[in-house]
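The opening residue of the sequence shown carries number 1031 in this note's numbering; numbering runs sequentially from there.
Encoded as structure tokens, the structure appears first; notes follow it.
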Amino acid sequence: MKIEEMITAKRADCNGCEACANICPLNAIVMRRDAEGFAYPEIDNELCDQCGKCDEVCPALNFAATFPAELPKVFAAINPDDKARRHSTAGGVFSALSEIILHDGGVVFGAAFDEKFRVVHTCARNVDELANLRGSKYVQSQIGDVYRQVKDALQSTKVLFSGTPCQCAGLRAFLGEDNDNLLTVDIICHGVPSPAVWEEYIGALGYAHEVKHVNFAGKKMGWKVSHLEINFSDQGHYMRRINEDPYGNAFYGGLSERPSCYACKFKFPSVQSDLTVGDALGIQYIAPEMFDDKGTSLVLVHSAKGKTFFEQTQLKTREFKLSDIVLKNPRLITSTIADERRRKFFAEFFKYRYKLAVLQKYSEEDNAAARQAVSEQNQCNLIESYQAILDTWRKKLTRNILIVTPTLDDDARTFLGNYFAQSFPDCGLYLLQPESKGQLVCKEKISSFVFALKEDDATLTDFAKQFNITEIFADNMVKYDSPAVVEWINGCGLPVNVFSLKES
Ligand SMILES: Cc1cc2nc3c(=O)[nH]c(=O)nc-3n(C[C@H](O)[C@H](O)[C@H](O)COP(=O)(O)OP(=O)(O)OC[C@H]3O[C@@H](n4cnc5c(N)ncnc54)[C@H](O)[C@@H]3O)c2cc1C
Ligand code: SF4
Ligand code: SF4
Ligand code: SF4
1031 MKIEEMITAK
1041 RADCNGCEAC
1051 ANICPLNAIV
1061 MRRDAEGFAY
1071 PEIDNELCDQ
1081 CGKCDEVCPA
1091 LNFAATFPAE
1101 LPKVFAAINP
1111 DDKARRHSTA
1121 GGVFSALSEI
1131 ILHDGGVVFG
1141 AAFDEKFRVV
1151 HTCARNVDEL
1161 ANLRGSKYVQ
1171 SQIGDVYRQV
1181 KDALQSTKVL
1191 FSGTPCQCAG
1201 LRAFLGEDND
1211 NLLTVDIICH
1221 GVPSPAVWEE
1231 YIGALGYAHE
1241 VKHVNFAGKK
1251 MGWKVSHLEI
1261 NFSDQGHYMR
1271 RINEDPYGNA
1281 FYGGLSERPS
1291 CYACKFKFPS
1301 VQSDLTVGDA
1311 LGIQYIAPEM
1321 FDDKGTSLVL
1331 VHSAKGKTFF
1341 EQTQLKTREF
1351 KLSDIVLKNP
1361 RLITSTIADE
1371 RRRKFFAEFF
1381 KYRYKLAVLQ
1391 KYSEEDNAAA
1401 RQAVSEQNQC
1411 NLIESYQAIL
1421 DTWRKKLTRN
1431 ILIVTPTLDD
1441 DARTFLGNYF
1451 AQSFPDCGLY
1461 LLQPESKGQL
1471 VCKEKISSFV
1481 FALKEDDATL
1491 TDFAKQFNIT
1501 EIFADNMVKY
1511 DSPAVVEWIN
1521 GCGLPVNVFS
1531 LKES
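Listed below in structure tokens is the structure:
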């Protein structure tokens, strides 16, 4: 398939990354906005000489799902520079990484507002210019010729490129090969709303007063309840909780995103970058010492290069397992679900003159029962996707250990988990507590990832096959509590090691 056919027949596949427009040697591609305000490539057939470079570079046309060799290291992180963190959406990791590049004489590319508050990719060459790139802009940013600029800059200096996963995929495809001088940082991506909807919205808000400053995730009331903050030149001020603001509500509710965002291919595990950054949502429950309501980042380290840069920062960090955070931040692995009113919303938004009224109407009409159904569907998609990731990961492991113990209290479980994780770092670890509510509990566990356990041979044998169990570590006490399981262990043919948690 070629780009032109994709745009006609499978338009929702095009994520608008602009790699095609950047690669075209004859500048025969322009990105033109459609009826919803999203940009798609348009080829000028008078100029095009059919070289095929645009089809070869397109990350959507050439997409092949990937899986990392290892699950990434995951950190919560806080930038000790309070000012940088205050103006960042999460914990200010992007700023800390950027400063390393800038102090080395390098260039940082990311999304910024232009003078009309349109969102465009641009670059910063010093710490002052970095201020424009800080903070999330909940709008699809225009790449322009930035991939070409990155390529030029890489010839003489270090470059940090940050953007959505599909933009990082676009840049990688455009460059064709990795470059030691390039650090790519993508965001956990909920999806991107239509630039035209944003431009109409800010135009309407700024109709009577000139807009001076916009912050989509202002922290004046705290990071947990971030607010859209707009300052006007006459000292006026607009501040509303982002999910209650009509524009923010459309974004969070799945009404205004690009069609490709509802079936995004570029999420984990199809990693597009050296590092992924996001909000460490729910960190107050997992690690209260990393929560002060001023913003905490989540960082996933995907490559050796990413690790080197991350270790150079002076961030306060704490490491987690992927399973600790994945349920709290669904957009890392699953797409937003479209609101069923989406088509009608776009038709009305561009038909009627009073844009604010249309956005307000959809925000007010918002139906709690429908939201609940979407939230449940979200949860199902999330669990399914995570199980698929774990299944793939397990298949790659050659050593999977089943640890069998009596029911443990929290302290004993933590002790045991840490002990096995340190002693067998490259193994899959599963914990079987036979008499614990009749459930089999797995180390990489997510809330519904529990198996009903009948203590019969067939169930246990099926389990061992499904999870490719290669050996068993059994606590000595199991023989008193669960003779049926012990019988299975003795007959299953797998190597068995006996230990005693009480003595250790
Ligand atoms: C549209 C969008 C959706 C997001 N959805 C989630 C989510 O579901 N879960 C989550 O944990 N985090 C999400 N984030 C990321 C999060 O909001 C923070 O941007 C991220 O955690 C980085 O925070 P920071 O404090 O390190 O730095 P910040 O200074 O806040 O980060 C700014 C970085 O984000 C990039 N950026 C900002 N706006 C855009 C844009 N429109 N397009 C491309 N890049 C942009 C900039 O280039 C810069 O690198 C989203 C961000 C955006 C822009
Ligand atoms: S085929 Fe070649 S010349 Fe034609 S639009 Fe694509 S890249 Fe440009
Ligand atoms: S390269 Fe990007 S913008 Fe161009 S067709 Fe492919 S997905 Fe769309
Ligand atoms: S959700 Fe996916 S397709 Fe949409 S902007 Fe983010 S990375 Fe791109």
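We put the CB at the ideal spot given by N, CA and C, even for glycine.
Remember, predicted model here, so these are calculated numbers, not experimental data.
- In the three-state DSSP reduction, M1251 falls in the coil class, being neither helix nor strand.
- The three-state reading of DSSP puts G1046 in coil, since its state is none of H, G, I, E or B.
- A distance below 8 angstroms between beta-carbons, with the five flanking residues on each side excluded, links V1356 to the following residues of its chain, in chain order: L1362, I1363, L1412, Y1416, I1476.
- Three or more Cβ pairs closer than 8 angstroms define a contact, and the stretch 1164-1183 meets that threshold against the stretch 1216-1223.
- 8 angstroms or more divides the Cβ of L1205 from the Cβ of K1188.
- When rounded, the separation of the alpha-carbon atoms in D1064 and I1232 is 20 angstroms.
- Between C1047 and G1174, the beta carbon gap of about 12 angstroms keeps them out of contact (Cβ cut-off 8 angstroms).
- With a cut-off of 8 angstroms on Cβ pairs, the stretch 1363-1376 is not in contact with the stretch 1126-1143, counting fewer than three such pairs.
- Only residues of its own chain outside the window of five on either side were considered, and among them S1224, F1376 have a CB closer than 6 angstroms to the CB of E1066, listed in chain order.
- At least one heavy atom of ligand 4 sits closer than 7 angstroms to the Cβ of R1288.
- V1150 carries a strand assignment under DSSP once its states are collapsed to helix, strand and coil.
- Between F1093 and P1195, the gap from beta carbon to beta carbon reaches 8 angstroms or more.
- Counting the other CB atoms within 10 Å of its CB gives T1343 a total of 16 or more, which places it among the buried residues.
- In this structure, DSSP gives A1094 a state outside helix and strand, which the three-state scheme calls coil.
- Separation of V1515 and S1300 (C-alpha to C-alpha, rounded to the nearest whole angstrom) is 39 angstroms.
- In the three-state reduction of the DSSP assignment, Y1460 falls in the strand class, which pools E and B.
- By the C-beta density criterion, C1054 is buried, having at least 16 other C-beta atoms within 10 angstroms.
- V1227 sits in a helix when the DSSP states are folded into three classes.
- Rounded to the nearest whole angstrom, the C-alpha separation of Q1172 and I1037 is 18 angstroms.
- Around the beta carbon of H1332, 16 or more other beta carbons sit within 10 angstroms, so the residue counts as buried.
- The three-state reading of DSSP puts E1159 in helix, counting H, G and I together.
- Contact annotation: the stretch 1501-1519 touches the stretch 1435-1449, with at least three C-beta pairs closer than 8 angstroms.
- Non-local beta-carbon contacts of V1404 in its own chain, meaning distances under 6 angstroms to residues more than five positions away in sequence, involve I1367 in chain order.
- In the structure shown, R1443 adopts helical secondary structure according to DSSP, grouped into three states.
- Bounds of the beta strand (DSSP E) holding I1502 are 1501-1505.
- Checking the 7 angstroms criterion, the Cβ of A1293 is out of range of every heavy atom belonging to ligand 3.
- With a minimum length of 4 residues, the unbroken runs of alpha helix (DSSP H) contained wholly in the stretch 1368-1406 fall at 1372-1381, 1385-1395.
- Judged by beta-carbon spacing, I1073 lies within the 8 angstroms limit of E1034, meaning their Cβ atoms are closer than that value.
- Straight across, the Cα-Cα distance linking E1100 with D1112 is about 34 angstroms.
- For the stretch 1247-1323, the full-length alpha helix (DSSP H) segments reaching 4 residues or more read 1276-1282, 1313-1316 along the chain.
- Taking a C-beta distance under 8 angstroms as the contact criterion, G1278 and I1272 qualify as a contact pair.
- Residue state for H1243 is assigned as strand, using DSSP reduced to three classes.
- Per DSSP, the beta-bridge partners of G1193 are D1216.
- When Cβ pairs closer than 8 angstroms are counted between the two stretches, the stretch 1154-1163 is seen not to touch the stretch 1102-1112, the count staying below three.
- The shortest CA-to-CA distance from T1152 to any of L1132, K1146, Y1177 is the one to Y1177.
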